[in-house]
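Chain order of the listed sequences is A and B. Last residue of the first sequence: number 412 in my numbering, and the count goes up by one each step with no gaps. Last residue of the second sequence: number 412 in my numbering, and the count goes up by one each step with no gaps. By construction, the Cβ of each residue, glycine as well, lies at the ideal position given by its N, Cα and C atoms. Before any comments, here is the structure.
Protein chains: 2
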Amino acid sequence: MQLEVPEGYRPQDAGSLPAYLAEQPELRSALGGAPEAWTVEEVGDGNLNLVFKVRGPAGGLAVKQALPYVRLVGESWPLPLSRAHYEHLALSQEARHAPGLVPAVRHYDETLALIAMELLEPHIILRQGMIAGTRYPRFVEDITTFTANTLFHTSDLALTAAAKKDLVAAFAGNSALCKITEDLIFTEPYMIADNNRWTSPQLDPYAARLREDGDLKVAISRLKLRFLGDAQALIHGDLHTGSIMVTESDTRVIDPEFAFMGPMGFDLGALVANLLLNYFSQDGHEERPGARDDYRAWVLETTRGVWASFGEKFLALWRGAAAAGDGYPAALFQGPLGAARLDQERKAYLDRLYRDTLGFAAAKMIRRIVGLAHNIDLEWIEDPERRARCEARALTLAREMMVNPGAFPSIGDVAEAAAELRGWVPKLG
Amino acid sequence: MQLEVPEGYRPQDAGSLPAYLAEQPELRSALGGAPEAWTVEEVGDGNLNLVFKVRGPAGGLAVKQALPYVRLVGESWPLPLSRAHYEHLALSQEARHAPGLVPAVRHYDETLALIAMELLEPHIILRQGMIAGTRYPRFVEDITTFTANTLFHTSDLALTAAAKKDLVAAFAGNSALCKITEDLIFTEPYMIADNNRWTSPQLDPYAARLREDGDLKVAISRLKLRFLGDAQALIHGDLHTGSIMVTESDTRVIDPEFAFMGPMGFDLGALVANLLLNYFSQDGHEERPGARDDYRAWVLETTRGVWASFGEKFLALWRGAAAAGDGYPAALFQGPLGAARLDQERKAYLDRLYRDTLGFAAAKMIRRIVGLAHNIDLEWIEDPERRARCEARALTLAREMMVNPGAFPSIGDVAEAAAELRGWVPKLG
């Protein structure tokens, strides 16, 4: 693949950016004063893109620009600039269905593949807060409002078939980003691949077992098929705790460049997976054994809350006036008997979604331990033995969630299994 | 919806068509001689479009032109001309994957929404041949080559995700045609709708029971969700016995204007449904009781053969070099153990597809008896009591296939159940 850029594209830097921003009247007035007075900080904590924080006398902006390659790797891994187009498209859908839960877009430049957004301050990345042991009392409420609304309103439950197919077509071109997920989450962790890495030699036997586990490889392949072909709703596509910025009173979902019409369980699974990974990682962060017991309990309570509250909100939407989609048309379920039967089916639908969520969550957990991209929740545990014990527990739970989802009839059973696994001392390689 | 036509569009008739065709050198030479010598016959047996047979000294052409409305109904039911675009696109995909099994396209005019194809002679519509009791010894072999190849080669088993998403996007705009299916097959037969009709009063209690059957309405709604969102492969979308032209030595699939990326079971179900409907209709066509026993046996054998032979061919493709898609990547299933596990999963995949096929077949059977469009297999039975008995048996089987697919572990069980139902004398209203 070649690095393709349109005429007029050029990567911005701290030197060039103020002049560009000053040309946009709305941005100029948002920052205030003269461009010379603005400060530009390349934060660069993204793996894929350039990200700048720009501050002026009147306010700040976050500016995100796509590069024609993966920032972390360089030009050897090309990646289309169009991801900025899809991110912008997804942000506008999300803002419509979940207002106040994504950063407000101030400016979009298709040629530069550049989005200028409100600067979220004093927000931090949720994952970092959770590693530090900080509670976020708004989180469950906000993230379930986000997921329930973005997923419901872009599904066949809310949209006509024609409107939904328009969305499918609008996001179909985002295949290069989907391909990253297909490779790194659904394929490589289960085979020998250059990208893979894990805490070695401690986890060597665990990684080897994944590659020999026929049931697991069938299960991940079925999940991959769902990801490849099941256009259930507009999903964020990368909804881990690193894509969520928080304060104790505000929650924002960022970075939807992986968005496309896919299976809802993939977003919900990303949340569950990253909460569980954080849970298992706490053993590596606590100052003395038991010091994080209360926080661990909060993480599990949050995991339970994410599913429970999502389910309640999703059901409420489906029972309400927004359920005007072509799926389960109201005309088929008239009268008290029809209404009762439909409500029973709504719960069955949620049960199926719960199973999907377990499978996708497991896939996300496994890839973060033996695949290319790891979580700092675990990476920041310096002692490899200690880290590997946390990781082995997470892998063990994930394998069961993917292959035997029936063993976890409710999210409470997942939380319980996670808690039990903490008592298990894994045999390391 | 308004009747939208592009500048330059005008419906052809027997008077205008020769001059138009004469302007295309390839068509002119295919017909041969002077346009004045050509005969044009408007066959008009399609519900949606204009269809002409044009014959000249050197050969013939079939010319199909879309109207901006449903031909059978008139301008009160608008339908976009773009269906010709999708038909043309589907024909070219089908010709590529199943060469010789669709009519060869000689000319396509996007503005006129007109396709000129080879004239299939002496082919007749399979449904008419089957009503007459004619056997088609090539049929199972050809139609399973068609379905196995068109479905496999446009699925995630053969295509990269990016190539498949391109196909999804290319057909996403065919939503008006999909909407017809969504309404007439997946919705209206299960509610009170102006379009519905059935043999009345004989089937009144059967139609009423469909509208009160909560389990059936949930089942049809789940199938509809699959149709709305599961982009498994490029499906023909209307693969009944009226879309297949045959001689005893040749088979061609026509009319793919409903094509889009949808669930494979929908095409396979259409075949099974229309074979079963023909089976049940034979009681209304035989000259004396038992006169069609042998033919009935051939129809059931054909039904079994369609599934069995499809399965074999689909598996063979999947085990071969064409299995280069992103689904079930070979890299995950290396070595003898991996190969064995993958082959087990291939069979499980086919089992799931078989279940889908039963459900979609049932949906197709029900809509042809209580919905808008009926089959001449049954419609041509003049005595309403006799017809209703055939229809009640088909409805009874269909209801079980949709709600209790597990009761039919193999296609042989479906055939057996159909045969048993012939001994049942339904109580009519």
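In the structure shown, the three-state DSSP call for B/E19 is helix. A buried status is given to B/K200, since no fewer than 16 other beta-carbon atoms sit within 10 Å of its beta-carbon.
With contacts defined as CB atoms closer than 9 Å, B/R335 and A/G197 fail to qualify as a contacting pair. Remark: three or more beta-carbon pairs, one from each stretch, lie closer than 8 Å, so the segment 129 to 145 of chain A and the segment 241 to 251 of chain A are flagged as touching.
For the alpha helix (DSSP H) assignment, the uninterrupted runs of no fewer than 4 residues enclosed by the segment 301 to 359 of chain B are, from N- to C-terminal side, 318 to 353.
Residues of the segment 185 to 213 of chain A that bring their beta carbon within less than 7 Å of a beta carbon in chain B comprise G197, K200, V201, S204, K207, L208, L211, G212 and D213, in sequence order. Contact between A/D266 and A/R405 holds, with the beta-carbon distance rounding to 7 Å and staying under 8 Å. Taking 8 Å as the upper bound for CB-CB distance, A/M348 and B/L315 are not in contact here, some 18 Å apart. DSSP assignment within the segment 0 to 59 of chain A yields the following whole alpha helix (DSSP H) runs of 4 residues or more, N-terminal first: 0 to 5 and 8 to 14.
By the CB criterion at 9 Å, B/A73 and B/A242 fall inside the cutoff. Here B/F391 is not bridged, per DSSP, to any residue. Judged by DSSP secondary structure, A/M174 falls outside any beta strand (DSSP E); it is assigned neither H nor E.
Judged by DSSP in its simplified three-state form, A/P188 adopts helix. By DSSP's assignment, B/G245 forms a beta bridge with B/A216. Under the Cβ criterion of 9 Å, B/C373 is not counted among the residues facing chain A. Listed by position along chain B, the residues whose Cβ is nearer than 8 Å to that of A/A155 are K148, D149, V151, A152 and A155. With a threshold of 9 Å between beta carbons, A/Y173 makes contact with chain B. Here the C-alpha atom of A/R118 lies approximately 11 Å from the C-alpha atom of A/A280. With the rule of 3 Cβ pairs closer than 8 Å, the segment 214 to 224 of chain A counts as touching the segment 136 to 145 of chain A. Taking CB atoms only, B/K162 has a neighbour in chain A less than 9 Å away. For A/E101, the uninterrupted beta strand (DSSP E) run begins and ends at L97 to E101, by DSSP. Here B/Y119 carries a coil assignment [DSSP, helix/strand/coil]. Within the same chain, and ignoring the five residues on either side of B/L31 in sequence, the residues whose Cβ sits closer than 8 Å to its Cβ are A49, L50, V53, R54, L55, L62, R66 and E240. Using a Cβ-Cβ distance cut-off of 8 Å, the segment 85 to 92 of chain B and the segment 32 to 41 of chain B are not in contact, since fewer than three pairs of beta carbons, one from each stretch, lie closer than that value. Within the segment 57 to 79 of chain A, not one residue has a Cβ closer than 9 Å to any Cβ of chain B. A Cβ-Cβ distance of about 6 Å is found for the pair B/G395 and B/R287, placing them in contact under the 8 Å criterion.
Going by DSSP, B/V229 is part of the beta strand (DSSP E) stretching over I227 to V229. Under the three-state reduction of DSSP, B/I203 is assigned to helix. In this structure, the alpha-carbon of A/S264 lies about 21 Å from that of A/G342. Distance from the CA of B/L(-14) to the CA of A/N387, rounded to the nearest whole angstrom, comes to 54 Å. Proximity to B/Q185 across B/V26, B/D339, B/L378 and B/L206 peaks at B/L378, based on C-alpha coordinates. In chain order, D309, P312, A314 and L315 make up the part of chain B whose C-beta sits under 9 Å from the C-beta of A/T170. Counting along the chain, the unbroken beta strand (DSSP E) around A/T234 starts and ends at T234 to V236. Separation of B/R235 and B/H80 (C-alpha to C-alpha, rounded to the nearest whole angstrom) is 13 Å. In this structure, DSSP gives B/P367 a helical state, which the three-state scheme calls helix. Residue state for B/R79 is assigned as helix, using DSSP reduced to three classes.
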